[in-house]
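Protein chains in written order, with the numbering used here: chain A, 262 to 441; chain B, 654 to 977.
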């Protein structure tokens with residue numbers, strides 16, 4: 262009897278974690294899928310090699326996707342930070358730097374399109390134009406009254422893995438290793 | 654002096670017999686071996702557990718999420734069962750190894766779920782959840798390392814904003830609230846030790862809490878001693894005296910307590926801290942290059958004096974009647 266009690270006590274975390282994992286999986290699969298455009302806020306994040314930190318671009322979001330045809334309050338998504346609502350998308354270590362580089366380019370290109378002045382080179386110095394960086398969106402599972410779950414990172418409307426297969430990106434040197 | 658040579662001397666002086674010497678040596682050998690193996694097991698568990706956490710953090714794209722989850726729960730279940738198995742078979746070293754592994758695996762599970770389901774959360778909420786889910790393992794463990802680690806993890810559950818508020822308050826104010834917090838920590842240490850004695854060391858959590866409370870109290874005293882007693886003395890001379898009083902009173906109480914408990918090691922450590930602080934007060938008085946130059950010379954001489962004083966203090970403490 263004493264041994265059974267000990268066994269139950271030791272397996273308590275296991276069962277609690279299992280129930281929690283299953284409940285998250287169920288919640289995640291039960292929501293409405295909404296696609297939201299994202300933008301970066303701080304490219305100097307120390308952990309950027311492992312997850313992408315972003316803000317939701319509510320100005321360009323299509324609110325008709327939500328069940329109530331209205332965008333929910335911004336605080337519903339992510340964690341409150343000094344600069345706004347911080348959201349994260351975890352990426353595999355090997356691909357994180359490539360995605361982050363593309364994300365940076367996408368943000369830069371957005372700034373450029375917004376009218377920031379640039380210097381023009383001579384025709385002889387001009388390189389062939391690089392393909393435009395992809396647009397970034399996150400596919401969420403949303404249900405009112407529950408936390409939203411990010412399901413997929415979309416680059417030009419495609420899941421990031423498929424995008425990288427079709428548009429190979431050269432390896433990006435790890436700034437952390439470079440620094441040491 | 655090693656125990657072997659010590660006991661040899663005791664035999665020569667007819668304090669113990671040769672047979673008793675043999676018994677003492679074999680007992681100590683057994684005990685020290687046990688400590689060594691237990692430490693080795695814990696270090697091995699830490700390395701393996703941290704390795705698993707890092708593999709989870711690398712977030713392999715090659716493995717599907719379901720495989721990752723099944724693998725994770727299989728490992729957690731196996732470690733939990735191993736703790737049970739080795740507890741029943743009374744294999745202490747292996748039990749501690751799998752307890753540490755199971756605790757780290759709980760953290761790894763939170764991390765993996767965070768990655769797979771893209772959960773948004775902060776470190777302090779993870780620390781709180783991790784600490785709560787580890788309670789069954791920590792209560793079952795006999796390793797003080799794990800118990801102290803658990804309290805430190807629980808301290809991490811406090812939002813960083815609170816920590817910064819506490820620090821900025823203690824930086825600006827040296828008032829009754831700060832002193833009461835310090836006294837509260839000492840009281841917590843005392844209560845935890847008493848509780849540990851009353852439950853006869855059956856669970857290590859209270860004792861570990863006492864240790865952590867004492868570390869925090871020392872940390873607070875060092876902070877007050879440096880901030881108010883050494884660094885900003887010219888702005889607020891009143892608080893400088895306050896800082897000195899806090900440091901010397903705290904160390905005096907600790908020394909008095911060591912005398913009461915006949916703990917010569919604690920008494921020596923606190924006496925050493927008193928002397929170091931007196932030296933730091935003198936060292937912090939020097940300002941410009943001229944006085945700094947003089948200060949460094951005097952400082953060098955003071956170190957020599959400090960070594961002399963320490964040697965004298967140590968031999969004096971050893972001779973003190975209370976420790977005989």
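Note that beta-carbon positions come from the ideal geometry of N, C-alpha and C, so glycine has one too.
Original post:
Applying the criterion that 16 or more other CB atoms from any shown protein chain within 10 Å of the CB defines a buried residue, is residue 405 of chain A buried or exposed?
Top reply: On the first chain, position 144 is the one that residue 405 of chain A refers to. Classification for residue 405 of chain A: exposed.
Subject >> Local Cβ density within 10 Å of residue 331 of chain A, reported as buried at 16 or more and exposed below that >> reply: Here the question's residue 331 of chain A lines up with position 70 in the first chain. Exposed is the call here.
Original post:
Hey, quick one: how far does the alpha helix (DSSP H) through residue 659 of chain B stretch, first residue to last?
Top reply: Here residue 659 of chain B refers to the residue found at position 6 of the second chain. Taken as a continuous stretch (DSSP letters only), the alpha helix (DSSP H) holding residue 659 of chain B covers 656-665.
Subject >> Where residue 429 of chain A sits in the DSSP three-state scheme >> reply: The residue you call residue 429 of chain A lines up with position 168 of the first chain. Coil, per DSSP.
Subject >> chain A contacts from the stretch 704-726 of chain B (Cβ-Cβ distance under 7 Å) >> reply: Listed in sequence order: 710, 711, 712, 713, 714, 722 and 726.
Original post:
Residue range of the alpha helix (DSSP H) that residue 818 of chain B falls in?
Top reply: In the second chain, counting from the first residue as 1, residue 818 of chain B sits at position 165. Start and end: 813-825.
**OP:** Indicate, with yes or no, if the ligand GDP has a heavy atom lying under 8 Å from the CB of residue 806 of chain B.
**Re:** As presented, the structure is devoid of all ligands, the ligand GDP included, so that no description of it is given.
Subject >> chain B contacts from the stretch 274-296 of chain A (Cβ-Cβ distance under 8 Å) >> reply: 274, 275, 277, 278, 279, 281, 282, 285, 286 and 289
Subject >> beta strand (DSSP E) segment containing residue 314 of chain A, residue limits >> reply: As a first step, residue 314 of chain A is located in the first chain; it is residue number 53 there, counting from the start. Its beta strand (DSSP E) spans residues 312-317.
Original post:
Between B:854, B:760 and B:801, which lies nearest to residue 702 of chain B when the distance is taken from Cα to Cα?
Top reply: Along the second chain, one-based indexing puts residue 702 of chain B at 49. With distances taken between Cα atoms, residue 702 of chain B lies closest to B:760.
**OP:** Go to residue 850 of chain B, then tell me how far its alpha helix (DSSP H) extends in each direction, as first and last residue.
**Re:** Against the second chain, residue 850 of chain B aligns to sequence position 197. Counting along the chain, the alpha helix (DSSP H) containing residue 850 of chain B begins and ends at 829-851.
Subject >> Within chain A, the residues that residue 773 of chain B reaches when beta carbons sit closer than 7 Å >> reply: On the second chain, position 120 is the one that residue 773 of chain B refers to. Neighbours of residue 773 of chain B on chain A, chain order: 339, 340, 348 and 349.
Subject >> C-alpha distance - residue 278 of chain A paired with residue 762 of chain B, whole-angstrom precision >> reply: Looking up residue 278 of chain A in the first chain gives position 17. Looking up residue 762 of chain B in the second chain gives position 109. Their Cα atoms are separated by approximately 8 Å.
**OP:** Using the DSSP secondary-structure output, state which residues sit across from residue 419 of chain A in a beta bridge.
**Re:** The count along the first chain starts at 1 and reaches residue 419 of chain A at position 158. The secondary-structure analysis by DSSP pairs residue 419 of chain A across a beta bridge with A:416.
Subject >> residue 748 of chain B, buried or exposed, once every other Cβ within 10 Å from all chains shown has been counted against 16 >> reply: By 1-based counting over the second chain, the position of residue 748 of chain B is 95. The residue is buried, with at least 16 neighbouring Cβ atoms inside 10 Å.
Original post:
Is residue 820 of chain B buried or exposed, if buried means 16 or more other CB atoms sit within 10 Å of its CB?
Top reply: In the second chain, counting from the first residue as 1, residue 820 of chain B sits at position 167. Per the 10 Å Cβ criterion, exposed.
Original post:
With respect to the beta strand (DSSP E) encompassing residue 342 of chain A, which residues constitute its N-terminal and C-terminal limits?
Top reply: Taking the first chain and counting its residues from 1, one reaches residue 342 of chain A at position 81. Unbroken beta strand (DSSP E) run through residue 342 of chain A: 340-342.
Original post:
Just checking, does the stretch 309-328 of chain A make contact with the stretch 341-361 of chain A on the three C-beta pairs under 8 Å criterion?
Top reply: yes
Original post:
In whole angstroms, what is the alpha-carbon distance linking residue 929 of chain B and residue 909 of chain B?
Top reply: As a first step, residue 929 of chain B must be located in the second chain, where it is residue number 276. As a first step, residue 909 of chain B must be located in the second chain, where it is residue number 256. Between residue 929 of chain B and residue 909 of chain B, the C-alpha separation is close to 18 Å.
Subject >> Cβ pair residue 823 of chain B, residue 751 of chain B closer than 9 Å >> reply: On the second chain, position 170 is the one that residue 823 of chain B refers to. On the second chain, position 98 is the one that residue 751 of chain B refers to. Contact: no.
Original post:
Just to confirm, are residue 784 of chain B and residue 815 of chain B a CB contact at a threshold of 9 Å?
Top reply: Numbered from its first residue, the second chain carries residue 784 of chain B at position 131. Numbered from its first residue, the second chain carries residue 815 of chain B at position 162. No, they are not a contact pair.
**OP:** Could you give the DSSP three-state label for residue 731 of chain B: helix, strand or coil?
**Re:** Taking the second chain and counting its residues from 1, the one referred to as residue 731 of chain B is at position 78. It is helical.
**OP:** Just the chain A side, please: which residues come within less than 9 Å of residue 766 of chain B by C-beta, in chain order?
**Re:** Taking the first residue of the second chain as 1, we reach residue 766 of chain B at position 113. Per Cβ cutoff of 9 Å: 278, 281, 282 and 285.
Original post:
Straight-line CA distance for residue 767 of chain B to residue 911 of chain B?
Top reply: Position 114 of the second chain, counted from the start, is the residue given in the question as residue 767 of chain B. Position 258 of the second chain, counted from the start, is the residue given in the question as residue 911 of chain B. Going from the Cα of residue 767 of chain B to the Cα of residue 911 of chain B covers about 48 Å.
Original post:
Can the beta-carbon of residue 966 of chain B be found closer than 9 Å to that of residue 936 of chain B?
Top reply: Counting from 1 along the second chain, the entry for residue 966 of chain B is found at position 313. Counting from 1 along the second chain, the entry for residue 936 of chain B is found at position 283. Not in contact: residue 966 of chain B and residue 936 of chain B (Cβ atoms no closer than 9 Å).
Original post:
Taking 9 Å as the CB-CB cut-off, is residue 742 of chain B touching chain A?
Top reply: On the second chain, position 89 is the one that residue 742 of chain B refers to. Residue 742 of chain B does not count as touching chain A.
Subject >> residue 348 of chain A - DSSP class collapsed to helix/strand/coil >> reply: Residue mapping note: residue 348 of chain A aligns to position 87 of the first chain, counting from 1. In the structure shown, residue 348 of chain A sits in a strand (DSSP, three-state: E or B).
Original post:
If you follow the alpha helix (DSSP H) that residue 778 of chain B is part of, which residue opens it and which one closes it?
Top reply: Stepping through the second chain from its first residue, residue 778 of chain B is reached at position 125. Start and end: 776-786.
**OP:** Compare the Cα-Cα distances from residue 806 of chain B to each of B:776, B:825 and B:833 and report the closest residue.
**Re:** Your numbering for residue 806 of chain B matches position 153 in the second chain. Taking only the C-alpha atoms, the option nearest residue 806 of chain B is B:776.
Original post:
Do you know how far the Cα of residue 704 of chain B is from the Cα of residue 362 of chain A?
Top reply: Sequence index remark: in the first chain, residue 362 of chain A carries index 101 (1-based). Sequence index remark: in the second chain, residue 704 of chain B carries index 51 (1-based). Going by the C-alpha atoms only, they are around 28 Å apart.
Original post:
When the cut-off is 9 Å and only beta carbons count, does residue 770 of chain B lie next to chain D?
Top reply: You won't find chain D in this structure, because its protein chains are A and B.
**OP:** Go through its chain and collect everything with a Cβ distance to residue 666 of chain B's Cβ below 8 Å, but skip five positions before and after it.
**Re:** Within the second chain, numbered from 1, the residue matching residue 666 of chain B stands at position 13. For residue 666 of chain B, where only same-chain residues beyond five positions count, there are no Cβ hits under 8 Å.
Subject >> Closest residue to residue 707 of chain B among B:746, B:714 and B:764 (Cα-Cα distance) >> reply: To locate residue 707 of chain B, count along the second chain from 1; it is residue 54. Checking every option, the nearest Cα to that of residue 707 of chain B belongs to B:764.
**OP:** Just tell me which of B:721, B:856 and B:901 has its CA closest to the CA of residue 794 of chain B.
**Re:** Locating residue 794 of chain B in the second chain gives position 141, where the first residue counts as 1. If we check each option's Cα against that of residue 794 of chain B, B:856 comes out closest.
Original post:
So with Cβ pairs under 9 Å, would you call residue 793 of chain B a contact of chain A?
Top reply: Locating residue 793 of chain B in the second chain gives position 140, where the first residue counts as 1. Interface residue, yes.
Subject >> Neighbourhood of residue 377 of chain A by C-beta, 8 Å cutoff - its chain only, sequence neighbours within 5 removed >> reply: Along the first chain, one-based indexing puts residue 377 of chain A at 116. Only weak support exists for where residue 377 of chain A lies, its pLDDT of 49 falling under 50; the value from the coordinates is given anyway. Result list for residue 377 of chain A: empty, nothing under 8 Å.
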